[in-house]
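Novice: As given, the protein sequences belong to chains A and B, one line each in that order.
The working numbering applies: residue 1446 is where the first sequence begins, and numbers increase by one.
The working numbering applies: residue 1446 is where the second sequence begins, and numbers increase by one.
The beta-carbon is built from N, C-alpha and C at its ideal position, and this holds for glycine as well.
Have a look at this one before I ask anything.
Protein chains: 2
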Amino acid sequence: MAIAGAADRPDVVIVGAGAVGCALAWELAGRGRRVAVLDRAGAGEEASAAAAGLLSPQSDVRSPSPFFDLALRSLRLYPEWVRVLEEESGERVGYRRTGLLRCALSDQEAEGHRSYLWQRERGLPIEWWDAAAVAERVGPRLTSEATSGVFFPDEGVVDPRRLTRALAEAARRRGVEIRARTEVRRFWVERSRCRGVETEAGRLEAGSVVDAAGAWAGFDRGLPFPVPVEPVRGQIVELELPAEAPALVLHGEAVYLVPRREGHLLVGSTLEHVGFRKEVTAGAVQNLIAQAARLMPEISQARFVTAWAGLRPATPDALPVLGGCGIEGLFFATGHYRNGILLAPLTARLLADRLTGVETRDLEPFAVSRFSSGAPPGPTPSPSSEVFR
Amino acid sequence: MAIAGAADRPDVVIVGAGAVGCALAWELAGRGRRVAVLDRAGAGEEASAAAAGLLSPQSDVRSPSPFFDLALRSLRLYPEWVRVLEEESGERVGYRRTGLLRCALSDQEAEGHRSYLWQRERGLPIEWWDAAAVAERVGPRLTSEATSGVFFPDEGVVDPRRLTRALAEAARRRGVEIRARTEVRRFWVERSRCRGVETEAGRLEAGSVVDAAGAWAGFDRGLPFPVPVEPVRGQIVELELPAEAPALVLHGEAVYLVPRREGHLLVGSTLEHVGFRKEVTAGAVQNLIAQAARLMPEISQARFVTAWAGLRPATPDALPVLGGCGIEGLFFATGHYRNGILLAPLTARLLADRLTGVETRDLEPFAVSRFSSGAPPGPTPSPSSEVFR
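Here is the structure:
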């Protein structure tokens, strides 16, 4: 049984209505394509709702790479992208170029900041602050233990829940159909061509299919190549300070503090390989608060608002999976790991280019084919105490 | 304007629909009295909903006193009281005689347990366990740092929310009227006689009035004597363990762990003089979890369920305020501090005796008159790291 007649056949079906899937749908609809987005839950109910919304390519990357270029380009799209999005959706998404300060609380941590020196040599905006500058710029709320900091003035924040809601709304206004509670079981593949998807309700035919299902992107085990995307849990605590939150993002070795409206503050995050388990754990809540209070002692007096967990889509080499594959008409836009919110605008643009016949080579380093036998396996993501968004 | 005609005039109006107010209403109705309970919020929405439900007079009191006798008598009422309550209300209240273990994690803490020796001399049920006995009786979930423990086999737990709901329901079935969202502004006193109460909607006449308003009991500033009841905040964290919670209450120096159904566990509690502020704070959540994990390391892996705060009604000498005063027809049943749930059955019985003319001298040590000038002030409650329910 088909659930859509030929007249209803979308040009593109996107599996997954997170920030990436909705951004791509919005972009494609702007280019005149008929798009349907299917989601096993609802728009933005998984990792996109759980993210802290840090937009920090520079502070997050310690060495140059194609990934760094991708992330930086996506950050530069943000202001204009958000402007159009807010106009079209009628919603505000909380984007702010706050700047981000990596604080060192010891000489050893300060020494680690030398790994950013290449960014200065490349002419990127980055500032080294000594203890006096840190104290002056952040004020007495920061611990007096801060010995120095590296400031990234172009980095900022967005509210991922509001962003994804706005993306879904803007996409709908461009004619995109978003079907919630619709689980795709497998791709509908015939003679190495993807003709659509198979859901519980039957087949849905489409010109192209994009797998933007985040941590669930490997759902079709019948593909002739691996899609090694796995969930990595991240937990976040939301607090409310008696006064306004700091104007910038404070980033220590173990946690980051993201300001939200009206004195609210997010403390993130953990990095846990525990499968599809979204529990918030007592130990994570305790440790996040303890580490945050090391950076900003008044945290102990802050109101505990709530805590949550989300599942980042991670690949073995910690890089996204973007573009086509050996099956005609089947594309991937997943594996964004800690950077789905940051990479949403550029992912949408590049995938839309690829799907509408615009030439691009930017996706090549991120092809799913790199995981097939013959290709050398990349490094696994660090399972240590590294901090993630 | 009166809001009730003479035909509606209750024999007793109780201000405050917490566990104490509802228990007294239920008791009085059982003795044939017409009772109305007024509450600024709703039944059991304040401290009674926030309590952990520890029933632990022995482990909580370090020296003999009239208060100890009161608490112990109330504990002994529990089994039969709960049996009748559950039968009448049709609800289960989670009462269990679990026993409570005071664990020592150092020789110094063990030394402190000598302050319980008088209870053994008095023939009360109490057991001294060495490290081997503690390990055997509690199992490997308890930290191996436990050096010894004192076990109180008669102590236990109840679920205060279900208890208060059952009390309100049982009271209603005996004809008690419970009026939520009804704030009493002051007592209606004429010529040293309390004729009823004054609410926003007007006066309500009553044969007698009982102030059971918990931390709000001092609301009428116009009385000719002080009712020095102040709020003391307590915060509790609720967790869910992967396996069943321990069968008994585990009590360390800094926190206690109260088992609930289906692997749930309460970790309490703080003691904070912060006025009528019910915020949950980041520092308290962090510290409660950290201290709990010291007792039971698996706590770090437990699911964080929620956290809340309540306001205990505390007096300067940490004893309740029970019985009559210089104003005829006006009575008090408040200031129960850490023991409102434990003391509810006996408070209800003794106050009902007093209101129905049964002779009792048990209330004398707890009269509100002890705070009037001339009477020597008692000690203030310890503001230290002492643990409270």
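How far does the alpha helix (DSSP H) with B/I1786 in it extend, from its first residue to its last?
Specialist: Taken as a continuous stretch (DSSP letters only), the alpha helix (DSSP H) holding B/I1786 covers G1785 to L1800.
Novice: Out of B/L1550, B/E1556, B/R1565 and B/E1572, point me to the one whose CA is closest to B/S1589's CA.
Specialist: Among B/L1550, B/E1556, B/R1565 and B/E1572, the Cα nearest to that of B/S1589 is on B/L1550.
Novice: Buried or exposed: A/E1689, going by 16 or more other Cβ atoms within 10 Å of its Cβ?
Specialist: Counting Cβ neighbours within 10 Å, A/E1689 comes out exposed, since fewer than 16 surround it.
Novice: For a minimum of 3 consecutive residues, which ranges assigned as the beta strand (DSSP E) are wholly contained in the segment 1461–1528 of chain B?
Specialist: Those beta strand (DSSP E) runs which fall completely within the segment 1461–1528 of chain B and span 3+ residues are 1480–1483.
Novice: Can you pull the chain B neighbours of A/S1745, defined as C-beta to C-beta under 9 angstroms?
Specialist: Those within 9 angstroms of A/S1745 in chain B are T1726, A1727, G1728, A1729, Q1731 and N1732.
Novice: Looking at chain A, which residues of the segment 1655–1671 of chain B have a Cβ within less than 9 angstroms of any of its Cβ atoms?
Specialist: Within the segment 1655–1671 of chain B, no residue qualifies.
Novice: Would B/L1767 and B/F1721 be called neighbours here (beta carbons separated by less than 7 angstroms)?
Specialist: Result no, Cβ atoms of B/L1767 and B/F1721 do not sit closer than 7 angstroms.
Novice: Does the distance from the C-beta atom of B/A1615 to that of A/I1744 stay below 7 angstroms?
Specialist: No.
Novice: Taking only three categories from DSSP, how would you classify B/V1457?
Specialist: Strand at B/V1457.
Novice: Can at least three beta-carbon pairs, one atom from the segment 1702–1718 of chain B and one from the segment 1566–1574 of chain B, be found at a separation below 8 angstroms?
Specialist: In short, these stretches do not touch, since the Cβ pair count stays below three.
Novice: What residues of chain A sit near B/F1721, judged by a beta carbon separation below 8 angstroms?
Specialist: What B/F1721 touches in chain A: nothing, since even the nearest Cβ is about 15 angstroms away.
Novice: Keeping to the same chain, check which residues put their C-beta closer than 7 angstroms to that of A/V1538; ignore five residues upstream and five downstream.
Specialist: Excluding sequence neighbours, A/V1538 sits near V1527, L1530, E1531, V1603, D1604, R1607, L1608 and A1611.
Novice: Check the Cβ of B/R1748 against every Cβ in chain A and list those closer than 9 angstroms, keeping chain order.
Specialist: Those are E1724, V1725, T1726 and A1727, listed as they occur along chain A.
Novice: Determine, using beta carbons only, whether A/A1754 and A/L1686 come nearer to each other than 7 angstroms.
Specialist: Result no, Cβ atoms of A/A1754 and A/L1686 do not sit closer than 7 angstroms.
Novice: Kindly identify the DSSP beta-bridge partner or partners of B/Y1701.
Specialist: Answer by DSSP bridge pairing, in chain order: B/H1696 and B/G1713.
Novice: Rounded to whole angstroms, how far is the Cβ of B/L1587 from the Cβ of B/L1795, which I believe are closer than 8 angstroms?
Specialist: Contact flag wrong, Cβ pair sits at about 39 angstroms.
Novice: For B/T1779, name the three-state secondary structure that DSSP assigns.
Specialist: Here B/T1779 sits in strand by DSSP.
Novice: Can you name, in chain order, every residue of its own chain whose Cβ lies under 6 angstroms from the Cβ of B/L1693, other than the five neighbours on each side?
Specialist: Correct list, in chain order: T1543, G1544 and L1546.
Novice: Would you say B/L1684 lies against chain A (beta-carbon separation less than 7 angstroms)?
Specialist: Output row for B/L1684: interface = yes.
Novice: Within its chain, find whatever has a CB closer than 7 angstroms to the CB of A/V1719; leave out the 5 residues flanking it on each side and keep chain order.
Specialist: Answer for A/V1719: R1678, listed in chain order.
Novice: For chain B, find out if any of its Cβ atoms is closer than 7 angstroms to the Cβ of A/A1735; answer yes or no.
Specialist: A/A1735 counts as touching chain B.
Novice: Do you know offhand how far B/P1828's Cα is from B/F1816's?
Specialist: In this predicted model, B/P1828 has a pLDDT of only 39, less than 50, meaning its place in the structure is not dependable enough to derive any value.
Novice: Strictly under 7 angstroms for the Cβ-Cβ distance: is B/A1497 near chain A by that measure?
Specialist: False, the Cβ-Cβ gap to chain A never drops below 7 angstroms.
Novice: Just curious, the beta strand (DSSP E) that B/T1751 is in, first and last residue?
Specialist: B/T1751 -> beta strand (DSSP E) spans R1748 to A1759.
Novice: Only counting the same chain, and skipping five residues up and downstream in sequence, which positions put a Cβ closer than 6 angstroms to that of B/L1483?
Specialist: Counting only Cβ-Cβ distances below 6 angstroms, and skipping sequence neighbours, we find V1460, R1624, T1627 and V1629.
Novice: Using a Cβ-Cβ cut-off of 6 angstroms (strictly less than) and excluding sequence neighbours within five positions of B/A1752, which residues of its own chain qualify?
Specialist: The answer, listed in chain order, is V1682, V1725 and V1730.
Novice: Please state whether DSSP places B/F1833 in a helix, a strand or coil.
Specialist: Low local confidence applies: a pLDDT of 44 at B/F1833 is under 50, so the model's placement there is unreliable, with the coordinate-based value given in what follows. Looking at B/F1833 - three-state DSSP - the assignment turns out to be coil, as it is neither helix nor strand.
Novice: Alpha carbon to alpha carbon, what distance is there between A/P1758 and A/V1465?
Specialist: Near 12 angstroms, if we compare the C-alpha coordinates of A/P1758 and A/V1465.
Novice: Run through chain A and tell me which residues come within less than 7 angstroms of B/A1616, C-beta to C-beta.
Specialist: Those within 7 angstroms of B/A1616 in chain A number zero; the least Cβ separation is about 34 angstroms.
Novice: With 8 angstroms as the C-beta to C-beta threshold (strictly closer), list the residues of the segment 1750–1774 of chain A near chain B in chain order.
Specialist: Against chain B - using a Cβ distance shorter than 8 angstroms - the residues of the segment 1750–1774 of chain A are A1752.
Novice: When the Cα atoms are used, what is the spatial distance from B/P1826 to B/H1781?
Specialist: Bear in mind that a pLDDT of 47 at B/P1826, under 50, signals an unreliable position, so the number given afterwards is only what the model happens to contain. Those two C-alpha atoms are separated by around 13 angstroms.
Novice: Leaving out five residues before and five after B/G1849 in sequence, what residues of the same chain have Cβ atoms less than 6 angstroms from its Cβ?
Specialist: A question about residue 1849 of chain B goes unanswered here, because the residues of chain B that appear run from 1446 up to 1834.
Novice: So A/A1738 contacts chain B; which residues on that side make the cut at Cβ distance below 9 angstroms?
Specialist: Neighbours of A/A1738 on chain B, chain order: A1727, G1728 and Q1731.
Novice: Throw me the rounded Cβ distance for the B/L1469 and B/V1700 pair, which I believe falls under 8 angstroms.
Specialist: With 8 angstroms as the limit, B/L1469 and B/V1700 do not qualify as a contact, their Cβ atoms being about 32 angstroms apart.
Novice: Please report the straight-line C-alpha distance between A/G1823 and A/P1673, rounded to a whole angstrom.
Specialist: In this predicted model, A/G1823 has a pLDDT of only 49, less than 50, meaning its place in the structure is not dependable; the value taken from the coordinates is given anyway. Between A/G1823 and A/P1673, the C-alpha separation is close to 12 angstroms.
Novice: Going along the chain, which residues of its own chain have a beta-carbon closer than 6 angstroms to the beta-carbon of B/T1801, five neighbours each way excluded?
Specialist: The answer, listed in chain order, is R1476.
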